[in-house]
Each structure stands twice: as C-alpha cells, then as structure tokens.
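Asker: Heads up: the sequence lines are chains A and B, in that order. Residues 348 to 587 in our numbering are what the first sequence spells out, letter by letter. Residues 750 to 988 in our numbering are what the second sequence spells out, letter by letter. Dropping a structure here in structure tokens format, bear with me for questions.
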Amino acid sequence: MIKIINLTKNFGELEVLKGIDFEIAKGEKIVVIGASGSGKSTLLRCLNLLEIPSGGEIYLDGEMINDNKNNINAFRQKMGMVFQNFNLFPHLTVIQNIMLAPVQLKLETKEEAEKTAMDLLKKIGLEEKANEHPNMLSGGQKQRIAIVRALAMKPEVMLFDEPTSALDPEMVGEVLALMKDLAVGGMTMVVVTHEMGFAKEVATKVIFMDEGKIAEVNTPNEFFNNPQHPRLKTFLSNIL
Amino acid sequence: MFEKIGEFFVGIWEAFTKATAGPFSELLIEGLGTTLLIAVASCIIGIIIGLLVTLIKVAPKNNIFMKILGWLANTYTTLMRGTPVVVQLFISYFIIFNFLVPMGLKVVVAIIVFSLNSGAYVSEILRGGLMGVDKGQMEASRSLGLSWTQSMRMVIVPQGLKSSIPSLFNEFIALVKETAIVGMVGIMDLTNSAEIIAGQIFTATAPYLIIAAIYLVIVVGLEQVQKKLEKKFSKGDRV
Chain A
348 MIKIINLTKN FGELEVLKGI DFEIAKGEKI VVIGASGSGK STLLRCLNLL EIPSGGEIYL
408 DGEMINDNKN NINAFRQKMG MVFQNFNLFP HLTVIQNIML APVQLKLETK EEAEKTAMDL
468 LKKIGLEEKA NEHPNMLSGG QKQRIAIVRA LAMKPEVMLF DEPTSALDPE MVGEVLALMK
528 DLAVGGMTMV VVTHEMGFAK EVATKVIFMD EGKIAEVNTP NEFFNNPQHP RLKTFLSNIL
Chain B
750 MFEKIGEFFV GIWEAFTKAT AGPFSELLIE GLGTTLLIAV ASCIIGIIIG LLVTLIKVAP
810 KNNIFMKILG WLANTYTTLM RGTPVVVQLF ISYFIIFNFL VPMGLKVVVA IIVFSLNSGA
870 YVSEILRGGL MGVDKGQMEA SRSLGLSWTQ SMRMVIVPQG LKSSIPSLFN EFIALVKETA
930 IVGMVGIMDL TNSAEIIAGQ IFTATAPYLI IAAIYLVIVV GLEQVQKKLE KKFSKGDRV
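This is the structure:
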C-alpha cells in the first residue's frame with residue numbers, strides 16, 4: 348500500500364533521514380519508536396508531504412506521492428493525520444471541525460457530513476459536545492475529536508505523530524483506547540509514539556529509528572524480548 | 750469675580766451660537782459628510798486592497814509570477830509607508846490624478862490616496878495577524894486534503910483577522926483623523942469648514958472645539974464597533 352524507497356530529508360546541512368526503505372501493507376499497524384532527533388516524526392511527516400523529501404520515492408497504492416505532477420491534496424485526503432498538539436480549529440465548533448474538509452472538498456453534502464460527524468461523535472461518546480468550541484474540551488477529548496476529524500475523510504491510512512505526548516497522564520488511556528478500536532477495525536496505521544504498551548499490544552511491526560535510519564524492524568514480541576541492535580538494547584533498557 | 754466668570758461663559762455661548770448660525774451649521778454638516786465619505790470609502794477599499802496584498806505576501810512563491818507579484822506587493826507597501834500621506838495627496842492631486850480635478854472629482858482623488866495608503870498599513874497588520882496563527886493550523890488543514898487557498902479562507906484568515914482587530918481599528922481611527930489634510934487641496938471637509946467659519950467670525954475657539962467634539966464622537970463610535978466585533982469573535986478563545 349505504501350512503499351518508501353531510499354527516502355532522504357535534509358534541513359540545510361542537517362541530514363535527518365539518511366535513506367529509508369520500507370513497505371507497509373494494507374491493514375498493518377506500524378509503530379515507530381526512537382530517541383528524539385532520530386527522524387521518526389520527519390519520516391511520518393514526509394509520508395503526507397508536510398515535509399518535502401529531499402530525495403527518494405514514496406508510493407501510495409502504486410502512485411508516486413512526491414512527484415510534482417501528482418496532486419498532493421488528493422493523496423492527503425486518503426491519509427489522515429493526528430498531531431501531538433491536536434490542532435483543532437479553535438474558531439469552529441466541534442462538529443464544524445469535523446465537517447469542514449468533507450464539505451469543502453464536496454465529498455459530502457452538508458447534511459451527509461453532519462450525519463457522518465454525529466455518528467462518529469456518538470461512537471466516541473462526545474455527541475453532546477458537537478456545538479462546543481474546542482476550548483471547552485479536555486486534552487483527551489480534543490485528541491479524540493482530532494482523530495474523528497481525520498476519520499470523517501474516510502482515509503485509507505492514519506498517521507499518528509506522538510498523539511499522547513501532550514496529554515495529562517490520566518487522559519492517555521482514552522486516546523489509546525480509541526486508537527486500539529481503530530486498529531481492531533482494520534485501519535492501516537503508522538504511529539510515532541513513546542507508548543511501549545501500545546506498541547506491544549497493537550503493532551504488527553515495530554520500527555526503531557536511529558540517526559536517520561531504520562536500525563531495526565521486527566514483530567513486537569521479538570522487538571522487545573530479543574532486540575538485536577545495540578542502540579535499541581540501550582534504548583529499551585533506558586525506558587523500560 | 751462672579752461677573753467675570755459669568756461673562757466668560759456668556760462669551761463662549763455667543764461664540765458657539767455664532768459659529769453654528771444657519772449657513773455655518775450647513776457648512777459643518779457638508780464638511781462632516783465629506784469627511785465621512787472619504788474615511789468610510791477609503792476604509793472599505795483599503796481593507797480589500799490590504800487583504801489582497803497580504804495574501805500575495807504570504808502565498809508560497811513557487812513560480813516566477815508569484816515572485817513578481819510578491820515583489821510588487823512589498824514595493825507598494827514600502828512606497829506608501831515611506832512617504833508622508835500629505836505628499837502622496839499632493840502628487841496625486843497635482844500630477845497623477847490631476848485630470849480628475851476639472852471633472853469635479855477632487856473627493857475621488859482623496860479616496861484613491863487614502864485607500865492606497867491605508868491598504869499598505871492594513872496589509873502589514875493582517876500579515877502580522879496571519880503569521881501569528883499557529884503553523885499547526887495550516888498543517889492540520891492541509892493534512893485533511895484542503896488546498897492552500899481553502900485553508901487560508903476557512904482556517905487561517907478567520908483566526909488571523911480576529912487577532913488583527915485592535916491594530917486594524919487603530920489604523921481606521923488614524924485614517925479618519927488623517928483625512929483632515931484634504932483641505933490643503935481645497936476639499937471642503939470638516940476641518941476645512943471650521944477654518945472657513947473661524948475666518949468669518951474672527952474667532953477660532955468655537956469652530957475648532959466643535960469639530961474636535963465631532964471627530965471624537967466618530968472615534969468613540971468606531972471604538973464601540975471594535976468592542977462588538979471583538980466580542981463576536983471571542984467564541985473559541987482560550988479560557
């Protein structure tokens with residue numbers, strides 16, 4: 348579904364990604380871990396071109412994303428993204444946040460979008476917040492709404508960039524629970540996170556990034572119980 | 750002592766009566782009309798110019814056409830902010846738009862000058878407002894598949910506009926008062942009408958106090974509009 352070939356990214360002199368090769372099949376849940384500065388967020392942000400790759404190729408369903416001739420907006424519609432800082436639109440109500448893209452992009456009429464949005468809100472038990480502005484929500488509620496906003500576009504892949512890092516500890520659970528539901532529902536997911544429990548439980552593959560390269564890829568069981576790469580061994584012993 | 754004070758107030762009262770006698774009050778009203786016409790028209794046109802120039806300034810410069818437009822926008826801003834508005838008025842009145850004067854369109858010249866001048870300031874105010882919007886907002890909007898233009902219109906501009914309101918009203922208030930220079934090219938605005946009345950009744954106090962009060966009332970009115978707008982936009986503010 349997603350194919351990455353020799354992906355590189357420089358910020359000026361700084362080489363952040365030094366040649367990434369990876370493939371993601373439909374329905375896989377990829378968890379990316381690594382120290383800060385290892386390039387994991389940049390890798391994720393390259394997938395929907397929030398960062399423009401310096402070199403290499405990224406394919407979604409066989410079409411090259413980072414080809415200037417292709418319409419990036421069309422690709423982004425197929426890839427939902429959830430950010431560390433939620434990035435809900437503060438001037439819009441919850442339901443307007445969710446309806447904005449489907450209506451603006453004429454994928455749904457206003458009535459259809461409203462119904463979709465309410466159905467999604469009901470699923471996460473926040474339907475009574477539909478007409479509130481985001482400032483009235485807790486962090487966990489904000490992030491769940493942000494996830495739902497991405498889902499309203501009916502994406503093929505969901506990208507998560509440290510979705511629980513800005514949350515108070517007691518709110519991490521509700522967001523992870525929603526992500527697990529999504530995973531169980533068959534969504535293809537790429538998740539950058541520090542939540543090792545989530546990685547163990549949900550991931551089909553775990554990637555360890557180190558200095559702009561993929562240092563190790565494995566199933567969660569092998570990854571955590573039998574790490575090979577010395578940097579991964581150190582990393583795991585530091586955090587577990 | 751009390752007599753003196755009494756005389757003083759009677760004197761002022763007489764002066765005010767004189768200054769607002771029949772033809773003079775008509776002159777003041779005509780002047781007020783002209784001042785309002787120039788200020789309101791320039792304000793509206795200035796907002797439109799300012800918004801367009803801002804969008805050009807913040808748009809991605811990924812082709813030569815946008816680069817040229819961007820350069821033009823910056824040059825325009827520098828020229829308008831770099832020269833006194835009086836000088837701009839004179840240049841427009843005596844040179845560039847001189848052909849409008851014999852057609853009886855002096856006021857149009859003034860509107861052109863103040864629109865262009867205000868547009869430059871508005872464009873910088875709005876640019877500041879747009880840059881103040883968290884960059885995660887644009888990223889979130891683009892990640893949903895919205896184009897740059899759609900993201901600007903639906904997400905960035907509404908938020909940037911809101912934080913620009915205080916500075917924008919600063920500019921509008923300054924604009925109203927700056928129009929007082931149009932008398933220098935013979936336009937009968939509020940200030941000019943006071944000058945003429947003062948010349949005819951041989952005292953300046955009453956006419957100038959009257960127009961000072963009128964300007965003040967206009968500005969207080971603008972402040973009320975500002976408060977209303979800020980309240981209207983305050984939904985979604987952090988608490």
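The C-beta atom is built at its ideal place from N, Cα and C for all residues, glycine as well. Only a predicted model underlies this, so the values are computations on that prediction, with no experimental measurement involved.
CA-CA distance, ILE959(B) and MET937(B)?
Answerer: On the second sequence, residue 959(B) is found 210 positions in, with the first residue counted as 1. On the second sequence, residue 937(B) is found 188 positions in, with the first residue counted as 1. Straight-line Cα distance between these residues: approximately 16 Å.
Asker: Mapping DSSP to helix, strand and coil, what is VAL802(B)?
Answerer: Counting from 1 along the second sequence, the entry for residue 802(B) is found at position 53. The answer is helix: DSSP assigns VAL802(B) an H, G or I state.
Asker: Using the C-alpha atoms, what's the distance from ARG876(B) back to ILE797(B)?
Answerer: On the second sequence, residue 797(B) is found 48 positions in, with the first residue counted as 1. On the second sequence, residue 876(B) is found 127 positions in, with the first residue counted as 1. Distance between the alpha carbons of ILE797(B) and ARG876(B) is about 14 Å.
Asker: Which ranges does the alpha helix (DSSP H) cover as unbroken runs of at least 4 residues, wholly within the segment 403-487 of chain A, from first to last along the chain?
Answerer: Qualifying alpha helix (DSSP H) stretches, in chain order: 419-425, 441-451 and 457-470.
Asker: Using only alpha-carbon positions, find the residue among ILE351(A), ILE554(A) and MET536(A) that is nearest to GLY403(A).
Answerer: By 1-based counting over the first sequence, the position of residue 403(A) is 56. Ranking ILE351(A), ILE554(A) and MET536(A) by Cα distance to GLY403(A) puts ILE351(A) first.
Asker: Would you call SER617(A) buried or exposed, if buried means 16 or more other Cβ atoms sit within 10 Å of its Cβ?
Answerer: Any property of residue 617(A) remains undetermined from this structure, which presents chain A solely from 348 to 587.
Asker: Closer than 6 Å by C-beta to VAL925(B): which residues in its own chain qualify, once you throw out the five before and the five after it? Chain order, please.
Answerer: Indexing the second sequence from 1 puts residue 925(B) at position 176. Cβ neighbours of VAL925(B) beyond the five flanking positions: ALA788 and ILE967.
Asker: Find the nearest neighbour of SER892(B) within the set ASN415(A), ASP515(A) and LEU394(A), judged by alpha-carbon distance.
Answerer: On the second sequence, residue 892(B) is found 143 positions in, with the first residue counted as 1. Considering only alpha carbons, the answer is LEU394(A).
Asker: Rounded to the nearest angstrom, what separates THR952(B) and ALA764(B) at their Cα positions?
Answerer: Numbered from 1 along the second sequence, position 203 holds the residue referred to as residue 952(B). Numbered from 1 along the second sequence, position 15 holds the residue referred to as residue 764(B). THR952(B) and ALA764(B): Cα-Cα distance of roughly 8 Å.
Asker: Below 7 Å CB to CB, which residues in the same chain sit around LEU467(A) once its five sequence neighbours on both sides are set aside?
Answerer: Numbered from its first residue, the first sequence carries residue 467(A) at position 120. Excluding residues within five positions, the ones whose Cβ falls inside 7 Å are ILE445, VAL495, LEU498 and ALA499.
Asker: Using alpha carbons as the reference points, say which of MET534(A), ASN568(A), ALA448(A) and ILE554(A) lies closest to LEU540(A).
Answerer: Mapped onto the first sequence, residue 540(A) falls at position 193. The sequence given here places Thr at residue 540(A); Leu does not occur at that position. Of the listed residues, the one whose Cα sits closest to THR540(A) is ILE554(A).
Asker: Could you pull the start and end residues of the alpha helix (DSSP H) that PHE918(B) belongs to?
Answerer: For the purposes of this step, residue 918(B) is identified with residue 169 of the second sequence, where counting begins at 1. 906-927 is the extent of the alpha helix (DSSP H) around PHE918(B).
Asker: I want to see whether chain A comes within less than 7 Å of SER892(B), judged by CB atoms only; does it?
Answerer: Numbered from its first residue, the second sequence carries residue 892(B) at position 143. Taking Cβ atoms only, chain A reaches closer than 7 Å to SER892(B), which makes this a yes.
Asker: Given this structure, state the Cα-to-Cα distance separating LEU879(B) from LYS980(B), to the nearest angstrom.
Answerer: In the second sequence, the residue the question calls residue 879(B) occupies position 130. In the second sequence, the residue the question calls residue 980(B) occupies position 231. Rounded to whole angstroms, LEU879(B) to LYS980(B) spans 20 Å at the Cα level.
Asker: On the DSSP bridge assignment, give the partners of GLY877(B) in chain order.
Answerer: Numbered from 1 along the second sequence, position 128 holds the residue referred to as residue 877(B). Bridge partners of GLY877(B): none, in fact.
Asker: ALA513(A) by DSSP, collapsed to three states: which one?
Answerer: Counting from 1 along the first sequence, the entry for residue 513(A) is found at position 166. Residue state, collapsed to three classes: coil.
Asker: So the candidates are LYS753(B), VAL856(B), PRO772(B) and LEU821(B); which of them puts its Cα closest to the Cα of THR928(B)?
Answerer: By one-based count along the second sequence, residue 928(B) stands at place 179. Of the listed residues, the one whose Cα sits closest to THR928(B) is VAL856(B).
Asker: Roughly how many angstroms lie between the CA atoms of THR898(B) and VAL858(B), to the nearest whole one?
Answerer: Within the second sequence, the letter at position 149 stands for residue 898(B). Within the second sequence, the letter at position 109 stands for residue 858(B). Cα to Cα, the separation comes out at about 34 Å.
Asker: Can you pull the chain A neighbours of LYS816(B), defined as C-beta to C-beta under 9 Å?
Answerer: To locate residue 816(B), count along the second sequence from 1; it is residue 67. None at all; the shortest Cβ gap to chain A is about 17 Å.
Asker: Starting from the beta carbon of VAL907(B), find every residue of chain A whose beta carbon is closer than 7 Å, and list them in chain order.
Answerer: Numbered from its first residue, the second sequence carries residue 907(B) at position 158. Just to set this straight, residue 907(B) is Pro in the shown sequence, not Val. Here the neighbours are HIS438.
Asker: State buried or exposed for ILE845(B), treating a residue as buried only when at least 16 other CB atoms are found within 10 Å of its CB.
Answerer: Taking the first residue of the second sequence as position 1, residue 845(B) is located at position 96. Classification for ILE845(B): exposed.
Asker: Tell me the DSSP secondary structure of ILE963(B) in three-state form.
Answerer: As a working mapping, residue 963(B) is identified with position 214 in the second sequence. ILE963(B) falls in the helix class under three-state DSSP.
Asker: Report the option in GLY544(A), PHE436(A) and LYS501(A) whose CA atom is closest to the CA atom of MET903(B).
Answerer: Reading the second sequence from its first residue, position 154 is the one you call residue 903(B). Here the closest residue by C-alpha is PHE436(A).
Asker: Suppose contacts are defined by Cβ-Cβ distances below 7 Å. Is ALA550(A) in contact with LYS376(A) by that definition?
Answerer: As a first step, residue 550(A) must be located in the first sequence, where it is residue number 203. As a first step, residue 376(A) must be located in the first sequence, where it is residue number 29. Taking 7 Å as the Cβ cut-off, ALA550(A) and LYS376(A) qualify as a contacting pair.
Asker: For ASN919(B) and THR783(B), I'd like the C-alpha separation in whole angstroms.
Answerer: What you label residue 919(B) is simply residue 170 of the second sequence in a count that begins at 1. What you label residue 783(B) is simply residue 34 of the second sequence in a count that begins at 1. Their Cα atoms are separated by approximately 21 Å.
Asker: Pick out the complete alpha helix (DSSP H) segments inside the segment 374-401 of chain A, 4 residues or longer, and give them in chain order.
Answerer: Counting whole runs of 4 or more residues, the segment 374-401 of chain A contains the alpha helix (DSSP H) stretches 387-394.
Asker: Would you mind sorting VAL988(B) into buried or exposed? The rule is 16 or more other CB atoms within 10 Å of its CB.
Answerer: The count along the second sequence starts at 1 and reaches residue 988(B) at position 239. Summary for VAL988(B): the model assigns pLDDT 45, below 50, so the residue's position carries little reliability, and this model does not support an answer.
Asker: Spatial neighbours of ASN432(A) within its chain, please: C-beta separation below 6 Å, excluding the five flanking residues on both sides.
Answerer: Counting from one through the first sequence, the residue named residue 432(A) turns up at place 85. Closer than 6 Å at the Cβ level, and outside the excluded window around ASN432(A), lie ALA513.
Asker: If I'm right that THR355(A) touches LEU364(A) with Cβ under 8 Å, what's the distance once you round it to whole angstroms?
Answerer: Locating residue 355(A) in the first sequence gives position 8, counting from the first residue. Locating residue 364(A) in the first sequence gives position 17, counting from the first residue. Their Cβ separation, rounded to whole angstroms, is 5 Å, which keeps THR355(A) and LEU364(A) in contact under 8 Å.
Asker: Give the interface partners of MET880(B) over in chain D, defined as CB-CB distance under 7 Å, in chain order.
Answerer: Among the protein chains of the structure shown, namely A and B, there is no chain D.
Asker: Secondary structure at VAL988(B), three-state DSSP: helix, strand or coil?
Answerer: The residue given as residue 988(B) occupies position 239 in the second sequence. Bear in mind that a pLDDT of 45 at VAL988(B), under 50, signals an unreliable position, so the model cannot answer this.
Asker: Taking only beta-carbon positions, decide if VAL988(B) is within less than 7 Å of chain A.
Answerer: Position 239 of the second sequence, counted from the first residue, corresponds to residue 988(B). In this prediction, VAL988(B) scores a pLDDT of 45, lower than 50, which makes its location untrustworthy; no coordinate-derived value is stated.
Asker: I'd like the span of the alpha helix (DSSP H) that includes VAL834(B), first residue to last.
Answerer: Within the second sequence, residue 834(B) is the residue found at index 85, counting from 1. Taken as a continuous stretch (DSSP letters only), the alpha helix (DSSP H) holding VAL834(B) covers 834-840.
Asker: Taking the alpha carbon of VAL834(B) as the point to measure from, which residue in ALA869(B), ALA808(B) and LEU821(B) has its own alpha carbon closest?
Answerer: Walking along the second sequence from the start, residue 834(B) turns up at place 85. The shortest Cα separation from VAL834(B) among ALA869(B), ALA808(B) and LEU821(B) belongs to ALA869(B).
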